[in-house]
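Yeah, the sequence shown ends on 499 if you go by the numbering used here, and it's all consecutive.
Even glycine gets a Cβ: it sits at the ideal position worked out from N, Cα and C.
Worksheet: one structure, shown below.
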Amino acid sequence: MGRPRDRPPVEGRPSRIVDLWGEGICRVWLSTRDTVVRVRPDRLQPVGQQGLATPARVVYAAAAARIADSLAHDTLLAPIESTVIPLPHQIHALSRAIAGDRVRYLLADEVGLGKTIEAGLIMRELKLRGLVRRTLVVVPKGLVAQWVAEMRTHFDEDFHPLTPGEFVSYRRLDPDENLWRRYDQVVCPLDSVKPVDARRGWSRTDVAARNRERFDDLLAAGWDLIIVDESHRLGGSTDQVARFRLGEGLAEASPYLLLLSAAPHQGKTDAFHRLVSLLDRTAFPDPSFISRERVQPYVIRTEKRRAIDVAGEPLFQPRHTRLLPVTWDERHAPQRALYEAVTEYVREGYDRARREKRQHIGFLMLLMQRLVTSSTRAIRSALERRLEVLQTPPAQLSLDTDLSADEWSDMDGQEQVDAVLGAAVSALRSERAEVEALLDAARACEATGPDTKAETLLDLVYLPGVRAHRLRELDREERAWRDTLDRRARVQPELTPILIVRIHGGAP
């Protein structure tokens, strides 16, 4: 018989062994029930070891050990636990980004290669390694919802879209709180947080309060990682523009920085220098330090022609382009007349705008020329919106809004349409009569039938060997205007059997 010692039996209650019958069975006293039971020795366990060998604890310990071992051998963890299967070039980008202590890179893959996925993988890897907790994503306004959705879908990460419209309600709860500290993962529109020097109708106090809330508090919120999409917009035309000042602030507000852009250079060395200097000001003190050799360590870029899938096959098939002429015949005379009339309106309006130094009118004229080249429906819709502004009583018209040439060039086609046609830009002399005449011509032109461009497209679609899915590719590659897409959806009955997809940048 052995000496008494505390052990729990299989049912999990503390007990004391009071007798040991050889090697076969133990008599155990259960103190909580004041009873003695017989139990086999293999069903007993010391009290101090209770619960250590449960299945859940074994799985937990094994997983922790594997993670620790993986980190010791520089194994990438983010691709394992994300819902997306990374492509080889995305794995390469992740591997290179976390290879050293300095995670400050320009992700410059060509369009369509998944820079958002690369940024998400890097963020997840840094989080899994315990290096990042608070992440800020700064993007153009139209991409906010898309980023929130992709981070949730591919990485199970919840990002809060924080826009200035929410500030008023938050201020009612706590007027002194730094709102940027409320959430650990935030997506915000780029132009809503850039600093401003002045605004029409605003006092210096108003401007200072706006900058403190949107810019100063943002930079002081303690971010671990900052991601900027379409980051070439931060370069600006000079080092004094608001977007570059925002970039400088963001670069200093976080140890880890990812700048995303498919076209970071755009032929402007000064702007490119300002962009890469955000990654390392010491390495690029002035534009003379910009060279391929110096820039290469800071840039991660894959070209479409080099991208492959997981099977090692080219990700994109070779693409051959050629210019197809679009001609007018006699039945297209109204379309030709409309084009020439709009061109004359644009020429005269642009010259007047330049003489009067009215930049918005110049932008508007350029836009009208592009729209009449796009389609009759596109120019008709734009003329209707312009006439609506011209018919507004002068007392109700707002002053021309501020829009720099850099901001204009950074916008895509639809953003330019919305910015110019949506602004109450005051009229040029006799412009209302001109717009009314052009609008009548556009409506009459639409009534005559489809545009010659649409007919040319149909001829192309029905060429032998051209399949219906080619039309969807043309949508993606050649149709940037939402109005044109609306028109094509009902261009003529012959398109009925062809699948038409509307694609525009406003959809997440």
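Annotation: the continuous alpha helix (DSSP H) that includes tryptophan 138 extends over 135 to 146.
Contact between glutamine 176 and histidine 151 is confirmed by a C-beta separation of about 7 Å, below the 8 Å threshold. One alpha carbon belongs to lysine 259, the other to threonine 74, and they sit about 38 Å apart. Under the criterion of beta carbons closer than 8 Å, serine 252 and alanine 99 qualify as touching, at roughly 6 Å. In this structure, valine 49 keeps its C-beta atom at 9 Å or more from the C-beta atom of leucine 35. Here the alpha carbon of leucine 119 sits roughly 32 Å from the alpha carbon of glycine 226. Pairing arginine 346 with leucine 378 gives a Cβ-Cβ distance that is not under 9 Å. When secondary structure is reduced to three states using DSSP, valine 301 falls in the coil class, being assigned neither helix nor strand. In the DSSP secondary-structure assignment, histidine 311 is not bridged to any residue. The Cβ neighbour count for lysine 132, taken over all protein chains shown within 10 Å, is under 16; the residue is labelled exposed. The Cβ atoms of glutamate 116 and isoleucine 89 sit closer than 9 Å to each other. For tyrosine 174 and threonine 154, the gap between their C-alpha atoms comes out near 13 Å. A distance of 9 Å or more separates the beta carbons of leucine 134 and proline 255. For threonine 126, the enclosing beta strand (DSSP E) covers residues 126 to 130. Residue state for isoleucine 71 is assigned as helix, using DSSP reduced to three classes. Within the same chain, and ignoring the five residues on either side of glutamine 360 in sequence, the residues whose Cβ sits closer than 6 Å to its Cβ are Val337. Valine 426: member of the alpha helix (DSSP H) spanning 422 to 438, first to last residue. Glutamine 176 sits in a strand when the DSSP states are folded into three classes.
In the DSSP assignment, the residues bridged to arginine 29 are Arg18. CA-to-CA, the gap between valine 178 and tryptophan 171 works out to about 10 Å. For the set Val380, Ala445, Glu446, Ala373, the Cα lying nearest the Cα of alanine 433 is the one of Ala373.
In summary, glycine 91 is exposed, with fewer than 16 beta-carbon neighbours lying within 10 Å of its beta-carbon over all protein chains present.
Distance between leucine 355 and valine 219, taken at the CA atoms: about 29 Å.
Annotation for valine 219: the continuous beta strand (DSSP E) segment containing it runs 216 to 219. The DSSP assignment places 247 to 251 as complete runs of the beta strand (DSSP E) inside the segment 226 to 265, in order along the chain (cut-off: 3 residues). In this structure valine 27 is exposed. Its beta-carbon is surrounded by fewer than 16 other beta-carbon atoms within 10 angstroms. Beyond the five residues adjoining it in sequence on each side, alanine 110 comes within less than 7 Å, by CB distance, of Leu98, Ile218, Leu249, Leu251 in the same chain, given in chain order. Residue burial is scored here from C-beta neighbours: glutamate 331 has fewer than 16 other C-beta atoms within 10 angstroms and is therefore classed as exposed. Across the set Arg162, Leu357, Val317, Thr23, the C-alpha of Arg162 shows the shortest separation from the C-alpha of arginine 201. Each residue's CA atom was taken as its position, placing valine 301 and histidine 80 some 10 Å apart.
Between serine 228 and alanine 262, the gap from beta carbon to beta carbon is short of 9 Å. Under the three-state reduction of DSSP output, isoleucine 89 falls in the coil class, being neither helix nor strand.
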